[in-house]
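Notes follow the structure.
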Amino acid sequence: GRWMGAGLSHFCEHMLFKGTTKRPTGVIDQDIRGAGGDDNAYTTSERTVYHVTGAAEGFDTAFDVIADMVMNSNFPPEETTKEHAVVVKEIERYLDNPDAVLYEVYERTLYQQHPYRVPVLGYPDRFKRVTREEVFAYYQERYTPDLTTFIAVGDFDAASVLPKIAKTAA
Numbered sequence: 143g144r145w146m147g148a149g150l151s152h153f154c155e156h157m158l159f160k161g162t163t164k165r166p167t168g169v170i171d172q173d174i175r176g177a178g179g180d181d182n183a184y185t186t187s188e189r190t191v192y193h194v195t196g197a198a199e200g201f202d203t204a205f206d207v208i209a210d211m212v213m214n215s216n217f218p219p220e221e222t223t224k225e226h227a228v229v230v231k232e233i234e235r236y237l238d239n240p241d242a243v244l245y246e247v248y249e250r251t252l253y254q255q256h257p258y259r260v261p262v263l264g265y266p267d268r269f270k271r272v273t274r275e276e277v278f279a280y281y282q283e284r285y286t287p288d289l290t291t292f293i294a295v296g297d298f299d300a301a302s303v304l305p306k307i308a309k310t311a312a
């Protein structure tokens, strides 16, 4: 579609850590670490994953933070500009890696019609033109409860999780 090759899923991965309507820039990581957890994310051709590893006692906080990130990110303009530059550098490092370039050629050859042919980071020229408005519109369209899967594993009360998910998705 209109966003093909822009690397917007990967850019969203970076931006969701930059603040929400409830948590300003920097508070997401503080809240997760304050609850004894660690957070990270990654993007592949098939999915973007946001994850927290932590103790069962910190589950409520971790769930609240992840749900807030996914549903209420606000993409502060100044953070979007900074993170755009970070991703440009990431693309440049990727293109300076012969194994990565070979893999990209392989994907393009194997998937001549399928979207997998497009690099997850996006095409450099296309990504460099991405605006805050464009990535935020993509986020608003794609980050909805019906397009989101929540997986929890560990020592917590599973019966108490479903009502939290239902309340958040409502």
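Each residue of the sequence shown is one higher than the one before, starting from 143 at the first, in the working numbering. C-beta: ideal position from N, C-alpha, C; glycine also.
Buried or exposed by the 16-neighbour rule on C-beta atoms within 10 Å, applied to H152: As a working note, residue 152 is residue 10 in the sequence shown. It counts as buried.
Sort D238, Q172, E249 by Cα distance to V194 and report the nearest one. Numbered from 1 along the sequence shown, position 52 holds the residue referred to as residue 194. Here the closest residue by C-alpha is Q172.
Hey, G196 and A209 are a contact pair by Cβ (cut 8 Å); roughly how many whole angstroms apart? Start at 1 with the first residue of the sequence shown, and residue 196 comes out as number 54. Start at 1 with the first residue of the sequence shown, and residue 209 comes out as number 67. With 8 Å as the limit, G196 and A209 do not qualify as a contact, their Cβ atoms being about 15 Å apart.
For N239, which beta-bridge partners are listed by DSSP? Position 97 of the sequence shown holds residue 239. Its beta-bridge partners do not exist; DSSP assigns none.
Helix, strand or coil at N216 according to DSSP, with G and I counted as helix: Against the sequence shown, residue 216 aligns to sequence position 74. It is coil, neither helix nor strand.
Can you have a look at A311 and say buried or exposed, based on whether 16 or more other CB atoms are within 10 angstroms of its CB? For the purposes of this step, residue 311 is taken as residue 169 along the sequence shown, with counting starting at 1. Classification for A311: exposed.
First and last residue of the beta strand (DSSP E) that includes D181? Your numbering for residue 181 matches position 39 in the sequence shown. Residues 180-185.
Exposed unless 16 or more other CB atoms sit within 10 angstroms - verdict on R144: Counted from its first residue, the sequence shown places residue 144 at position 2. Flag for R144 reads exposed.
C-beta contact flag for V260 and F217 at 8 Å: Residue numbering aside, residue 260 sits at position 118 when the sequence shown is read from its first letter. Residue numbering aside, residue 217 sits at position 75 when the sequence shown is read from its first letter. Going by C-beta atoms, V260 is not nearer than 8 Å to F217.
Range of the contiguous alpha helix (DSSP H) that encloses H193: The count along the sequence shown starts at 1 and reaches residue 193 at position 51. Segment 190-195 is the beta strand (DSSP E) holding H193; no alpha helix (DSSP H) there.
Helix, strand or coil, according to DSSP, for T291 in the structure here? Locating residue 291 in the sequence shown gives position 149, counting from the first residue. Correct three-state label for T291: coil.
Cβ pair E221, G161 closer than 8 Å: By one-based count along the sequence shown, residue 221 stands at place 79. By one-based count along the sequence shown, residue 161 stands at place 19. Going by C-beta atoms, E221 is nearer than 8 Å to G161.
With a CB to CB cut of under 7 Å and the five nearest residues on each side skipped, what residues in its chain are close to E225? As a first step, residue 225 is located in the sequence shown; it is residue number 83 there, counting from the start. Same-chain partners within the cutoff: H156, M157, K160.
Residues that DSSP places opposite T132 in a beta bridge: One cannot answer for residue 132 here, as it falls past the ends of the chain, which runs 143 to 312.
Please list the terminal residues of the continuous alpha helix (DSSP H) segment that includes F278. For the purposes of this step, residue 278 is identified with residue 136 of the sequence shown, where counting begins at 1. F278 -> alpha helix (DSSP H) spans 274-284.
How many Å lie between A198 and M211 at the Cα? The residue given as residue 198 occupies position 56 in the sequence shown. The residue given as residue 211 occupies position 69 in the sequence shown. Going by the C-alpha atoms only, they are around 20 Å apart.
Determine the burial state of A177: buried for a count of at least 16 other Cβ atoms within 10 Å of its Cβ, exposed for fewer. In the sequence shown, the residue the question calls residue 177 occupies position 35. With 16 or more other Cβ atoms within 10 Å, it is buried.
Along the chain, where does the alpha helix (DSSP H) containing L99 start, and where does it finish? Since the first residue of the chain shown is 143 and the last is 312, residue 99 is not available in this structure.
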